[in-house]
C-alpha cells in the first residue's frame with residue numbers, strides 16, 4: 049500500500065488526484081451535488097465511507113472500543129481517505145471513530161491516524177497553557193474575557209480531538225487599548241493581516257511555531273448582514289472550567305449560533321459540521337431548537353441556522369425532535385435551492401475538495417433576504433482579497449472566474465430544486 053504519510057505530504061504524482069473526481073459517464077462532468085455509493089467490492093469515493101465511520105464513532109459512547117460494526121468495501125483507497133480527512137481537518141476525530149468501530153483498517157493507516165490524533169492533543173495542551181497565561185494577564189488588568197471557539201467549543205463537542213490553530217477571545221470595546229498594551233508588553237505583536245472591523249490578531253514565536261491569539265471586541269458578518277447580539281452574549285455568558293482553567297464562555301445556544309456563523313466563511317468545512325453534529329448528540333436533552341432558531345432570526349441568520357440544522361438530520365441522521373425537523377425544512381423554491389446548495393458544499397468538502405465549485409458561491413446565498421444576493425456577489429468581487437499583494441484587477445478577475453467555474457454546478461442545483469426532493473433525508477442527488 050502506498051504510504052499515507054507520503055500521500056498527505058503531497059509527494060504523490062499530480063495525476064494521482066484524479067481519484068477525487070467522480071465523472072458522470074453520460075455527460076462527462078464532475079458531479080458536485082452527490083456522493084458516490086459505498087458498494088461491496090470495487091473502488092469507492094471517500095465521502096460516504098468517512099460519513100459511515102463518523103456516524104459509527106460519534107454515536108458510540110465515549111471510551112468504547114470496537115463496539116460499532118462497520119462494513120467496508122473490499123477495495124478502499126486509504127491514501128485517498130487520509131488525504132480527505134487531513135484536508136477537512138477531521139483526522140484526529142476519525143481516529144477516535146476508527147477505534148470505536150469494528151472495521152478492518154490496515155495497521156499503517158491506523159498508525160497514521162493515531163499520530164494525527166496525538167499531535168493534535170499535544171497542540172491543544174499547548175493552546176490551553178497559552179490560554180491560562182493570557183487569562184492571567186487579562187485578569188491582572190481587570191479585563192473581562194469570554195473564550196470563543198477553540199478549547200471552549202471542543203469542551204462542548206469532540207474534546208481533545210478538535211483541530212484548533214489559534215485562540216479566540218471576546219473583550220469589551222472599551223478595553224481594546226488596554227488589552228493591546230497587555231499583549232504587547234508580554235511579547236506579542238500584531239499580525240500584518242488585512243484590517244478587520246471587529247478583531248485584531250496577535251502572535252509570538254514558540255518552540256513549535258507561532259502562537260496566534262485573535263482578540264474580538266465585536267462579532268458580525270458585514271457581507272451577509274449577520275449581526276449577533278453582543279450585549280446578550282455577555283449577559284448570557286457562563287462561568288466554567290476548561291482543564292482546570294476558570295473561564296467564561298457563551299451559553300449553549302450562543303455557542304451553536306457562533307459556530308454556524310463560521311460555516312459560510314469556511315465553505316461548510318466538515319470540521320465545523322462535526323462540531324455541530326457532536327454538540328447536537330451530546331446536548332440533545334438540553335437543546336431548545338425553537339429558541340435557537342428564534343435567536344438566529346434576531347441575529348439575521350435564521351436561514352443559515354435552519355439550513356445547517358436540516359443538513360445535520362437529513363444528511364447525517366443526527367437526532368432532532370419533530371418540531372425542529374419541521375422548523376428547519378425548506379419552504380418554497382428559493383429555500384430548496386439554498387438548502388440544496390449548502391448540502392452540496394458539504395459533499396464537495398468530502399469528495400471534491402481540490403475542485404471546489406458550489407462551495408465557492410454558496411457562502412453568499414445563505415442570507416435571510418435572497419434579493420440581496422446579487423449585491424453581495426458584486427461586493428465580493430470588489431472587496432478585500434485573500435492575498436495582500438493582489439491587485440484589484442487581478443482579484444476581480446480571479447473571483448469572477450471562480451463564479452463562472454461554479455455556474456454548471458449551481459445550474460444543476462437550481463434545476464434540481466424545482467422538485468421537492470430536497471425535503472427528503474439523505475445526500476443531495478442529481
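Residue numbers (the working numbering): 49 to 478.
Cβ atoms here follow ideal geometry from the backbone N, Cα and C, with glycine treated the same way.
- With 16 or more other CB atoms across the displayed protein chains lying within 10 angstroms of its CB, residue 172 is buried.
- In the structure shown, residue 235 adopts coil according to DSSP, grouped into three states.
- Taking C-beta atoms as the reference points, residue 175 and residue 199 count as a pair closer than 8 Å.
- For residue 362, the closest alpha carbon among the candidates 94, 93 and 99 is that of 99.
- The three-state reading of DSSP puts residue 367 in coil, since its state is none of H, G, I, E or B.
- Using a Cβ-Cβ distance cut-off of 8 Å, the stretch 201-220 and the stretch 308-317 are not in contact, since fewer than three pairs of beta carbons, one from each stretch, lie closer than that value.
- Using a Cβ distance threshold of 8 Å, residue 296 and residue 205 do not count as a contacting pair.
- The Cβ atoms of residue 354 and residue 375 lie closer than 8 Å to each other.
- With a cutoff of 8 Å on beta-carbon distance, residue 284 and residue 298 are scored as near each other.
- A distance below 6 Å between beta-carbons, with the five flanking residues on each side excluded, links residue 203 to the following residues of its chain, in chain order: 290.
- Rounded to whole angstroms, the gap between the alpha carbons of residue 128 and residue 282 is 44 Å.
- For residue 293, the enclosing beta strand (DSSP E) covers residues 293-297.
- Under the Cβ criterion (8 Å, minimum of three pairs), the stretch 220-227 counts as touching the stretch 182-198.
- Rounded to the nearest angstrom, the Cβ distance from residue 328 to residue 366 is 5 Å, consistent with a contact under 8 Å.
- The residue from 141, 266 and 181 with its alpha-carbon nearest to that of residue 236 is 181.
- With a cutoff of 8 Å on beta-carbon distance, residue 352 and residue 95 are scored as not near each other.
- Following the DSSP letters along the chain, one finds residue 107 inside the alpha helix (DSSP H) bounded by residues 94-107.
- Under DSSP, residue 194 shares a beta bridge with 218.
- Judged by DSSP secondary structure, residue 321 falls within the alpha helix (DSSP H) whose first and last residues are 318-330.
- Residues of the same chain with a CB within less than 6 Å of the CB of residue 262, apart from the 5 flanking positions on each side, are 214, 216, 247 and 249 in chain order.
- Of the candidates 153, 412 and 102, 102 places its Cα closest to the Cα of residue 136.
- Partner residues in the beta bridge of residue 290, as assigned by DSSP, are 293.
- Relative to the Cα of residue 195, the nearest Cα in the group 167, 332 and 303 belongs to 303.
- Per DSSP, reduced to three states, the secondary structure at residue 249 is strand.
- Contact between residue 356 and residue 415 does not hold, since their C-beta atoms are separated by about 14 Å, which reaches or exceeds 8 Å.
- Secondary-structure assignment with DSSP links residue 269 through a beta bridge to 274.
- In the structure shown, residue 189 adopts coil according to DSSP, grouped into three states.
- In terms of Cα proximity to residue 390, the closest of 324, 409, 301 and 148 is 409.
- For residue 155 and residue 197, the gap between their C-alpha atoms comes out near 33 Å.
- Assignment of residue 227 by DSSP, reduced to helix, strand and coil, places it in the helix class.
- One thing to note: residue 301 has its Cβ within 8 Å of the Cβ of residue 339.
- The secondary-structure analysis by DSSP pairs residue 259 across a beta bridge with 252.
- With fewer than 16 other CB atoms across the displayed protein chains lying within 10 angstroms of its CB, residue 253 is exposed.
- Of the residues 287, 269 and 293, the one whose Cα lies closest to the Cα of residue 305 is 269.
- Going by C-alpha positions, residue 238 is about 26 Å away from residue 293.
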